[in-house]
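K.L.:
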DNA sequence: CGGCATTATCTTGACGTCAAGACAAACGTA
DNA sequence: TACGTTTGTCTTGACGTCAAGATAATGCCG
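Protein chains in written order, with this note's numbering: chain A, 1 to 140; chain B, 1001 to 1140.
Written out as structure tokens, the structure is:
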């Protein structure tokens, strides 16, 4: 079947497992990604939709949709930039901050448990190969 | 960022690249998977939707949808099993046979080119790690 | 200053997928 | 034989995504 087919299967399995973790916090993978990216950004944990888009691999329409839902759930706020009226700024609310901290902790555990079947050497090798593939794909 | 995040990015890149190959033959990844699976099955290249489902990671509703479209395009036929009226049988048409042979050849080339950044040792290590992850996920 | 290309975001319509359940046929057991 | 369970497929409704285009503000250059 080959490595690419296997990679696809593994990806789907991991996605499902991680989705269960997100669901425990009332999130899906899409929402989690946005909140986690905001959380990693320096205080006040705010980025524009465009900045969020470039770090995830999604289009603008998808981003609008994601932010809409998170805003409706009260986890982020969307306001317009005073300096540049084209820009919007998406910022974590207190509630969103608390939620993503809890979800992140849970997620780290899930990821660890998913990788327990590999030794640290194997993980390093896997990661190195994936890194090469990623670089090659993103450069071209 | 960790191996899992990288795996996700690599998966999305590969998916997009392979999708371009499929598109050249008027297919998408979904249709290609079905046709390729039928092609691999022994003559007369026919399987039930359930058999197709278990080898891909999709649900029954998705399978129905995929077969419907391929049938509309004249690439497969759907008939009912004489022995068991619950079963349906999906079979490659001549046209589907020709198309998937061409698409498969093209796809093999694409896959090869995607992996050229890795040595054969690296590919073997990657594959071994993915295999372990796959087994672990599918057993639990 | 005026016009034009650029940048940033949002809108629309279509697609593929899933989960849950509907339906029909086949099987097993009393 | 009759009936409940299991099996195999299809239907429905919702969701996340994308591509293409609309909208609006900005910056640049003549």
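For every residue, glycine included, the Cβ atom is placed at its ideal position computed from N, Cα and C. Keep in mind it's a predicted model, so treat the numbers as computed, not measured.
If we define contact as Cβ-Cβ less than 8 Å, is residue 1100 of chain B a contact residue for chain A?
P.N.:
In the second chain, the residue the question calls residue 1100 of chain B occupies position 100. For residue 1100 of chain B, the answer is no, since every Cβ of chain A falls outside 8 Å of its Cβ.
K.L.:
Which residues in the same chain as residue 63 of chain A place their Cβ atom closer than 7 Å to its Cβ, once the five residues preceding and following it in sequence are excluded?
P.N.:
Within the first chain, the letter at position 63 stands for residue 63 of chain A. Once the five neighbours on either side are set aside, the close Cβ partners of residue 63 of chain A are 49, 52, 53.
K.L.:
If we ignore side chains and look at the alpha-carbon of each, how far apart do residue 1066 of chain B and residue 1035 of chain B end up?
P.N.:
Position 66 of the second chain, counting from 1, holds the residue named residue 1066 of chain B. Position 35 of the second chain, counting from 1, holds the residue named residue 1035 of chain B. Each residue's alpha carbon lies about 10 Å from the other.
K.L.:
Measuring alpha carbon to alpha carbon, tell me which of B:1005, B:1025, B:1004 ends up nearest residue 1097 of chain B.
P.N.:
Reading the second chain from its first residue, position 97 is the one you call residue 1097 of chain B. Measuring from the Cα of residue 1097 of chain B, the nearest candidate turns out to be B:1025.
K.L.:
Measure the beta-carbon distance from residue 95 of chain A to residue 77 of chain A and round it to whole angstroms, keeping in mind my assumption that it falls under 8 Å.
P.N.:
Residue mapping note: residue 95 of chain A aligns to position 95 of the first chain, counting from 1. Residue mapping note: residue 77 of chain A aligns to position 77 of the first chain, counting from 1. That belief does not hold up - the Cβ atoms of residue 95 of chain A and residue 77 of chain A are roughly 10 Å apart, past 8 Å.
K.L.:
Bridge partners of residue 89 of chain A, per DSSP?
P.N.:
By one-based count along the first chain, residue 89 of chain A stands at place 89. DSSP output for residue 89 of chain A lists A:79 as bridge partner(s).
K.L.:
List the residues of chain B whose Cβ lies closer than 8 Å to the Cβ of residue 22 of chain A, in chain order.
P.N.:
Translated into the one-based positions of the first chain, residue 22 of chain A becomes position 22. Near residue 22 of chain A there are no residues of chain B at all, since even the closest Cβ is about 13 Å away, more than 8 Å.
K.L.:
Just checking my contact of residue 27 of chain A with residue 103 of chain A at CB under 8 Å: how many whole Å lie between their CB atoms?
P.N.:
As a first step, residue 27 of chain A must be located in the first chain, where it is residue number 27. As a first step, residue 103 of chain A must be located in the first chain, where it is residue number 103. Going by Cβ atoms, the distance from residue 27 of chain A to residue 103 of chain A rounds to 6 Å, so yes, they are a contact pair.
K.L.:
Taking Cβ-Cβ distances shorter than 9 Å, what residues in chain B pair up with residue 55 of chain A?
P.N.:
The count along the first chain starts at 1 and reaches residue 55 of chain A at position 55. Neighbours of residue 55 of chain A on chain B: none; closest Cβ ~10 Å, over 9 Å.
K.L.:
For a contact defined as C-beta to C-beta under 8 Å, what are the partners of residue 1134 of chain B on chain A?
P.N.:
Here the question's residue 1134 of chain B lines up with position 134 in the second chain. Residues of chain A passing the Cβ test: 6, 9, 10, 13.
K.L.:
Using CA coordinates, which residue listed in A:134, A:139, A:138 is at the minimum distance from residue 1002 of chain B?
P.N.:
In the second chain, the residue the question calls residue 1002 of chain B occupies position 2. Checking every option, the nearest Cα to that of residue 1002 of chain B belongs to A:134.
K.L.:
Cβ of residue 1010 of chain B within 8 Å of Cβ of residue 137 of chain A?
P.N.:
The count along the second chain starts at 1 and reaches residue 1010 of chain B at position 10. The count along the first chain starts at 1 and reaches residue 137 of chain A at position 137. Cβ distance < 8 Å, so residue 1010 of chain B and residue 137 of chain A count as in contact.
K.L.:
If you drop the 5 nearest sequence neighbours on each side, which residues of the same chain put their C-beta closer than 7 Å to that of residue 1114 of chain B?
P.N.:
Working through the second chain from its first residue, we reach residue 1114 of chain B at position 114. Correct list, in chain order: 1014, 1017.
K.L.:
Which first and last residues belong to the alpha helix (DSSP H) in which residue 1123 of chain B is found?
P.N.:
Translated into the one-based positions of the second chain, residue 1123 of chain B becomes position 123. 1120-1139 is the span of the alpha helix (DSSP H), which, as asked, contains residue 1123 of chain B.
K.L.:
Are any of the Cβ atoms in chain B nearer than 8 Å to that of residue 127 of chain A?
P.N.:
Here residue 127 of chain A corresponds to residue number 127 of the first chain, with the count starting at 1. For residue 127 of chain A, the answer is yes, since a Cβ of chain B falls inside 8 Å of its Cβ.
K.L.:
Does residue 74 of chain A pass the burial test, meaning 16 or more other C-beta atoms within 10 Å, or should it be called exposed?
P.N.:
Here residue 74 of chain A refers to the residue found at position 74 of the first chain. Exposed, because fewer than 16 other Cβ atoms sit within 10 Å of the Cβ of residue 74 of chain A.
K.L.:
Going by C-alpha to C-alpha distance, which of B:1110, B:1119, B:1125, B:1100 sits closest to residue 1020 of chain B?
P.N.:
Your numbering for residue 1020 of chain B matches position 20 in the second chain. Nearest option by C-alpha distance: B:1110.
K.L.:
From this set, B:1005, B:1080, B:1032, which residue's C-alpha is nearest residue 1099 of chain B's C-alpha?
P.N.:
Translated into the one-based positions of the second chain, residue 1099 of chain B becomes position 99. For residue 1099 of chain B, the nearest C-alpha among the options comes from B:1032.
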